[in-house]
Amino acid sequence: MKLEHITRGLIQKRLVYRRKISLTSFALGFLFATTYLTIDIDTQSINPETSSNPNPEIEWTIYDLIGRIVNGSKATLRQFPYQVSLRETHSNVHFCGGSLIHEKYVLTAAHCMFDKNVQIQPWMITIVAGELRLWQPTSTGQRRGVEKIHVHPNFNRETLENDITILTLKISFNLTPEVNIAPLPDHTAIPTTICQVAGWGYPSENDHVTSEDLMFVDLPLMSRDLCKKLLENITDFPPGMICAGYMEGQKDSCQGDSGGGMMCNGELTGVVSGGNGCARPRTPGVYADVYFYINWIAEVTDEEFFKKKMITKDESGTEQKILWE
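For reference, each letter of the sequence shown is one residue, going 13 to 337 in this note's numbering.
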């Protein structure tokens, strides 16, 4: 089943099946070098510690935009200390969310790392943590540059399979009450568990005005069987995907929330990936299943901190933890 990119005017990038149904990747369009819709860059806002543009004369433009949490509530300071904003370094524009999983690593969505068919470069991204409002820097906020982008090797941009990426930071974040780590899961989350998703962006799929405030919404996890049934015309729902939402719709994550975390029982259970619109009835949002990728996270980071959570299976197929001294 093939997906293709289309652009709706100058805003809104969507992934559209050749059938009648569209699957949206919940990312804001990244600022990319093209020849139209030029924007001015405030060079005074560029942090030399987080920016090393090898082409300083390049003309930056907006290629497309999309947007956020539907029918959510405003977050409070320290409520989501792991939540980070991925910004385009030169314009400071938010384009995706992410979760701090270690002082030096951020977990986000793989599709956030592409503009059209081109993978963006580390110097294009600045990570902002410890702030609730996009355009109001505070004393609790911290900014870091990206050293390396680790897109999952089996990421499929047409189906959003393996939609997960790790960003290695140039400098570790200082952990504070406002900037902290999201615990990774020790097991698969139980369906019907009420989880929380936070993000910035638009209040609906048809609203093109971003919110300055970090918003959050409570969503129930759905079983794999129910996800497959509800999304059978959109995706084959392969392993590594989970879904969450209400049968009646009304609440959901949406465009611009891509890469942000879904927290269930105090553990980072999902990464916002995509969906068919936002908050539509009988159409849950799709997330990358963090537990499914625990071993990959440990291998990429090579940190003992994550290796303790690695999973193996015995001859009967029963999952067992790998014990590290």
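Here a beta-carbon is modelled for each residue, glycine too, at the ideal position from N, C-alpha and C.
- Classified as buried, I139 has 16 or more neighbouring CB atoms from the shown chains inside 10 Å of its CB.
- In this chain, the alpha helix (DSSP H) harbouring E311 covers 306-313.
- One Cα belongs to G278, the other to A194, and the distance between them is close to 8 Å.
- Listed in chain order, the non-local C-beta contacts of I202 below 8 Å within the same chain comprise L233, local neighbours out to five positions each way being set aside.
- For the pair I306 and L196, the CB atoms are nearer than the 8 Å cut-off.
- DSSP places Y258 in the coil class of the three-state scheme, outside both helix and strand.
- CA-to-CA, the gap between F107 and G273 works out to about 15 Å.
- Residue pairing by DSSP puts D301 in a beta bridge opposite G282.
- Spanning the alpha carbons of E244 and P296 requires a straight line of approximately 12 Å.
- Rounded to whole angstroms, the gap between the alpha carbons of K116 and S184 is 4 Å.
- V130 is classed as exposed because its beta carbon has fewer than 16 other beta carbons within 10 Å across all chains shown.
- When the five nearest sequence neighbours on each side are left out, the beta carbons in the same chain lying within less than 6 Å of the beta carbon of D175 are those of A121, A122, H123, S285, A300, in order along the chain.
- Judged by their CB atoms, H199 and Y94 are not nearer to each other than the 8 Å cut-off.
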